[in-house]
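Accompanying notes for the structure given below.
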Amino acid sequence: MDQAHIRNFSIIAHIDHGKSTLADRILQLTDTVADRDMKEQLLDSMELERERGITIKAQAVRVLWKGHQLNLIDTPGHVDFTYEVSRSLQACEGALLVVDAAQGIEAQTLANAYLAIENNLEIVPVVNKIDLPQADPDGAAAEIAELVGDDPDNVLRISAKTGQGVEDVLDAIIERTPPPVGDPDAPARALIFDSSYDQYRGVIAFVRVVDGRFETRDSLRAMAQGTRFEAEELGFLSPDRRPVKVLEAGEVGYVVTGLKDVSKLRVGDTLTAEQRAAAEPLPGYKEVKPMVFAGLFPTDSDEYPELRDALERLKLNDGALFYEPETSQALGFGFRCGFLGLLHMEIVRERLEREFDLDLLVTAPNVAYRVQPRPDADWLEVRNPADMPREFEAVEEPYIRASVIVPKEYVGVVMELCNERRGSFDHLEYLSEQRVHLVYELPLGEIVLDFYDQLKSRTRGYASFDYDMSGFRPGTLVRVDVLVAGEPVDALSLIIHREFAYDRGKLLVERLRKEIPRQFFDVPIQAAIGARVIARETVKAKRKDVLAKCYGGDISRKRKLLEKQKKGKKRMKQVGGVDVPQEAFLAVLNLDTDR
Amino acid sequence: MGDAGPPQTGPGAQHLYVHLPFCAHRCGYCDFVTVTRRAGDEHGRYVDALLTELELERSHLAAGPQSIFLGGGTPTFTEPAALARLFAGLPPAGELTVEANPETVTPALAALLREHGVNRISLGAQSFQPHLLETLERLATPAAVRAAVAILRGAGFDNVSLDLIYGIPGQTRDDLERDLAEALALEPEHLSAYELEAKPGTRFTGAHEAELERQAEALEDFFERVVATLAGAGYRWYETANFCRADSTRDLRAQHNLGYWQGRDYLGLGIGAVSTISGLRWRNARSLPRYLAALGRGDRPEREQEPLDDATRAVERVLLGLRLDEPLALSGLDRALNQAAVARLERQGLARVLDGGARLALTERGRFLGGGVTAELLA
Chain P
110 MDQAHIRNFS IIAHIDHGKS TLADRILQLT DTVADRDMKE QLLDSMELER ERGITIKAQA
170 VRVLWKGHQL NLIDTPGHVD FTYEVSRSLQ ACEGALLVVD AAQGIEAQTL ANAYLAIENN
230 LEIVPVVNKI DLPQADPDGA AAEIAELVGD DPDNVLRISA KTGQGVEDVL DAIIERTPPP
290 VGDPDAPARA LIFDSSYDQY RGVIAFVRVV DGRFETRDSL RAMAQGTRFE AEELGFLSPD
350 RRPVKVLEAG EVGYVVTGLK DVSKLRVGDT LTAEQRAAAE PLPGYKEVKP MVFAGLFPTD
410 SDEYPELRDA LERLKLNDGA LFYEPETSQA LGFGFRCGFL GLLHMEIVRE RLEREFDLDL
470 LVTAPNVAYR VQPRPDADWL EVRNPADMPR EFEAVEEPYI RASVIVPKEY VGVVMELCNE
530 RRGSFDHLEY LSEQRVHLVY ELPLGEIVLD FYDQLKSRTR GYASFDYDMS GFRPGTLVRV
590 DVLVAGEPVD ALSLIIHREF AYDRGKLLVE RLRKEIPRQF FDVPIQAAIG ARVIARETVK
650 AKRKDVLAKC YGGDISRKRK LLEKQKKGKK RMKQVGGVDV PQEAFLAVLN LDTDR
Chain F
43 MGDAGPPQTG PGAQHLYVHL PFCAHRCGYC DFVTVTRRAG DEHGRYVDAL LTELELERSH
103 LAAGPQSIFL GGGTPTFTEP AALARLFAGL PPAGELTVEA NPETVTPALA ALLREHGVNR
163 ISLGAQSFQP HLLETLERLA TPAAVRAAVA ILRGAGFDNV SLDLIYGIPG QTRDDLERDL
223 AEALALEPEH LSAYELEAKP GTRFTGAHEA ELERQAEALE DFFERVVATL AGAGYRWYET
283 ANFCRADSTR DLRAQHNLGY WQGRDYLGLG IGAVSTISGL RWRNARSLPR YLAALGRGDR
343 PEREQEPLDD ATRAVERVLL GLRLDEPLAL SGLDRALNQA AVARLERQGL ARVLDGGARL
403 ALTERGRFLG GGVTAELLA
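Here the protein sequences line up with chains P and F, keeping their order. If you count by the working numbering, then the first sequence holds residues 110 to 704, one letter each, in order. If you count by the working numbering, then the second sequence holds residues 43 to 421, one letter each, in order.
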């Protein structure tokens, strides 16, 4: 289609502000989906997405409206996927910025709105849910107009639920957002903004064609990674796959690649046709690096192969997931996994448990550290506290720039929380008379455990939170080891700020003492920084372990009891000659969630 | 025959157990096979059935066994006439023990037992503290226990064993000390001291759950007190829960129970009774009416059978043998033991290998931890 009649846009909204409902309404209004086929939130195809009301993987749907082809590119809504969001936005010329009339702007809305502005998108502000009794459309419109530098009168007021004003939204997309302006005659270039894996057809790339044209059977190449494949099928979603022969400049669609490995095709890479290859890729590609790490171990060690297969299959759909085998003497065989952030970790874990029916033990998450072992030595990246040298010259930890929006009466508690977590105050601004936007610099390591939960509970759920990575900085960090009978328990090592080391060490050994069953001998449990013990407890030796009586009538039963006792022992992990039930580690690892 | 058991002296089992299930009352903590109702001539018919079963299994039993043990239930609650008929039908034995509850012991009963060759009485004293006996739902009073011993002594019994239970809900350390002192004052030849086993699901466990949990910690101390006190009074701690007076002229250990602990064959008669003969273990069904019916027809009662292979018998030899104070002969048991664990436990001062590996003994501390130590020792 002629580029003048194409509009590519996305919807930016906070969780629950109505993005998916608006998308559904657009599909209905444009007759893309018949009313009878409409199911709630059609675009969120994963079960987990629908349950959590969030979009994890972006998709793109083409609709027709008043002689125009509109491509709605759905963006993942969470902070962990900022890079994916930015690639989705790069595929668009315009964005609907949707704000709940009762809630106003949230931290996530801000972050994504800034991303859209950075990508030079034309923003169409929309206030949704004006039908709600507690709605304040004028207040929300004022906030949003202030944010995008527009007149409050230009803010559309709609109810995606009832359909009120949705036609105006479609008209506004055509009127206000510019058409694509790629060169249809230039060598073909398309931006990959998402990909998924189809069991039968392999990797499917979702692309925005910028220049030139792509045809079925073309030999294609991903320019940054150098991956080559044939375009087995081209098409667009409506919302099912609709094959076409050609995708032209300005259009959005999919490419069936036949590739078996999703990591061969990264979001942000540029596709070109081999026959007349482009000289330069599109700008902005970067390799996303996992920032949060945790060990994943099967609760039942026999399930290790199942866990490996599940991770392999999950990785097909999730190029950002990183994993490598890890062996822990306490937890057995498992994997050290890297995630973009906490939500990403939670999603992976839930999918493993739910879709693959695995019972998992997840170690406390930690961030990646940069460590210089000796003066003048090369810096190392440490993803597992157990790999941290016990002595080192210097260490750096990742920081974030955290954005918190709260009603003004909670400013105090938020500042207190941020200070507890070694945050440094950057600035504060009033979004309205009631609502304050706070910006803090915080170590990511202080966020990964329970910061968000704490924030929610201390502000009674009113705070919204978002963050950006802001680089590595030197830290006063130490490695704390937990020793059972003199032997360090690898899974319990942690890297922590020196000031918090004593309290945490004490808590860990106390908890472990309660969890380790008494043995035939005293078992010392210590927390130590290097050779210096900072906390100590003892599991006192057992003094009695006998079967009270045993005569001719119950020898079989007693024998079975003993065999059971023996079996139970075999399931335990040996640390320093001490039998420790796996549950003990689990309980200690859970420490972080109920601190 | 495998090599897992010591040689039998002569053909047939040397040990006979006879179960008499009748009780006046079922105590809350009890999980033995008991019958409390008393209908018609049930006792008599049961004794007939026992004697019929004995006839059916006669080939498994030595003509003159080393020991016979009448257990229950409350054997002495059985109708005297029926009891007399039972004794008349039993073969002569070296040790003939009858379990008795103190309240059932009368001069007439004592005389009847003596008359029929009973030479050892195991008296279920349990405690001398009225409030603890009440908790246990025992019918005897402390005075009745003392009276029973006096009657037995008067009738000429020179081998009396007392059962004590510790870990009773509400029991303090002082209560325990008093029980031990009172028991010792009666100068029994033998003492059994059992930790109260609160079996899950019994009425008793349900009623005393919280207290039992609280007391679990005190039990370590109680066990140590029992062993120290009895050993201090000159008793030999010859089995985990059993003590006997040291006597240069007689071996006062329970010869019948030694048979179990040394892994020998035994024949059991009556409902719920277990036999182990030549590598086969069987357990009679617990139902009294069906037992009576089957034997009334001259058939064997319903039974559950459990074949014991050599490996299983070896495991049992270890678990039973290590309950004793005498070292366990290891011949034929090599494969049942985890040699690395043996070495480790020796290093930890819990076990001792003797005679260049021929025998294994637990140290005193090892015996206090006997259950766990055995679990580790087994391969």
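Cβ atoms here follow ideal geometry from the backbone N, Cα and C, with glycine treated the same way.
| Asked | Found |
| --- | --- |
| For R287 of chain F, does the three-state DSSP call read helix, strand or coil? | strand |
| Since L362 of chain F meets chain P, which of its residues come closer than 8 Å, beta carbon to beta carbon? | C659, I664 |
| Which runs of the alpha helix (DSSP H) fall wholly inside the region 184-224 of chain F and span at least 4 residues, in chain order? | 184-196 |
| Specify whether the region 204-222 of chain P and the region 569-583 of chain P touch according to this definition: at least 3 beta carbon pairs, one from each stretch, less than 8 Å apart. | yes |
| At the 7 Å Cβ level, is G412 of chain F part of the contact set with chain P, yes or no? | yes |
| Show which residues of chain P have a CB atom less than 7 Å away from the CB atom of R323 of chain F. | S665 |
| From I604 of chain P to T139 of chain P, what does the alpha carbon distance come to, in whole angstroms? | 55 Å |
| Assuming G428 of chain P and S304 of chain P make a contact with CB atoms under 8 Å, what is their CB distance in whole Å? | 7 Å |
| Checking 7 Å against the spacing of the C-beta atoms, do L311 of chain F and L112 of chain F come in under that value? | no |
| Output needed in chain order: residues of the region 391-404 of chain F with a Cβ under 8 Å from some Cβ in chain P. | L392 |
| For R161 of chain P, which residues from the same chain have a beta carbon less than 6 Å from its beta carbon, with the 5 sequence-adjacent residues on both sides left out? | The predicted position of R161 of chain P is uncertain, since its pLDDT is 48 and thus under 50; a value taken from the coordinates is nonetheless stated next. Here the set comprises nothing. |
| Kindly indicate the opening and closing residues of the beta strand (DSSP E) around I638 of chain P. | 632-638 |
| Can you give me the start and stop residues for the alpha helix (DSSP H) that S512 of chain P sits inside? | Run containing S512 of chain P: none in the alpha helix (DSSP H); it sits in the beta strand (DSSP E), 503-516. |
| DSSP three-state label for H67 of chain F, please. | coil |
| Do we get a CB-CB distance below 7 Å when we pair Y88 of chain F with the residues of chain P? | no |
| Is there at least one Cβ from chain P nearer than 7 Å to A283 of chain F's Cβ? | yes |
| So within the region 275-341 of chain F, which uninterrupted beta strand (DSSP E) runs reach at least 3 residues, ignoring any that extend past its ends? | 277-281, 284-287, 309-311, 316-319, 322-326 |
| Are any of the Cβ atoms in chain F nearer than 7 Å to that of D599 of chain P? | no |
| How far does the alpha helix (DSSP H) with Q217 of chain P in it reach, from first residue to last? | 216-227 |
| Applying a beta-carbon distance threshold of less than 9 Å, which residues of chain P neighbour G310 of chain F? | G661, G662 |
| With a threshold of 16 other CB atoms inside 10 Å of the CB of H536 of chain P, please say whether the residue is buried or exposed. | exposed |
| Does the contact criterion of 3 or more C-beta pairs under 8 Å hold for the region 129-146 of chain F versus the region 294-306 of chain F? | yes |
| From what residue to what residue does the beta strand (DSSP E) around H61 of chain F run? | 57-62 |
| Whose C-alpha, out of P:L621, P:E459, P:L671, is nearest the C-alpha of T647 of chain P? | P:L621 |
| Looking at Q674 of chain P: is its Cβ nearer than 7 Å to the Cβ of A417 of chain F? | yes |
| With 16 other CB atoms within 10 Å as the buried threshold, where does V355 of chain P fall? | exposed |
| Among P:V591, P:A600, P:L368, P:L449, which residue has its Cα nearest to the Cα of G614 of chain P? | P:V591 |
| Show which residues of chain F have a CB atom less than 9 Å away from the CB atom of K651 of chain P. | E262, F410, L411, G414 |
| With the cut-off set at 7 Å, would you say V208 of chain P and A249 of chain P are in Cβ contact? | yes |
| Taking only the alpha-carbon atoms, compute the straight-line gap between R159 of chain P and R463 of chain P and give it to the nearest angstrom. | Any reading at R159 of chain P needs caution, since the residue's pLDDT is 46, under 50, leaving its predicted position unreliable; the model's value is listed next. One C-alpha to the other measures close to 14 Å. |
| Counting pairs of Cβ atoms below 8 Å between the region 367-382 of chain P and the region 190-197 of chain P, do you hit three or more? | yes |
| For N143 of chain F, which residues does DSSP report across the bridge? | Answer is none; N143 of chain F lacks a bridge partner. |
| What separation, rounded to the nearest whole angstrom, lies between the Cα atoms of F118 of chain P and L131 of chain P? | 13 Å |
| To the nearest angstrom, report how far apart G661 of chain P and S317 of chain F are at their CA atoms. | 8 Å |
| Put G685 of chain P into one of helix, strand or coil per three-state DSSP. | coil |
| Are there 16 or more other CB atoms within 10 angstroms of the CB of E78 of chain P, so buried, or fewer, so exposed? | Shown here, chain P extends from 110 to 704; a query on residue 78 of chain P therefore has no answer. |
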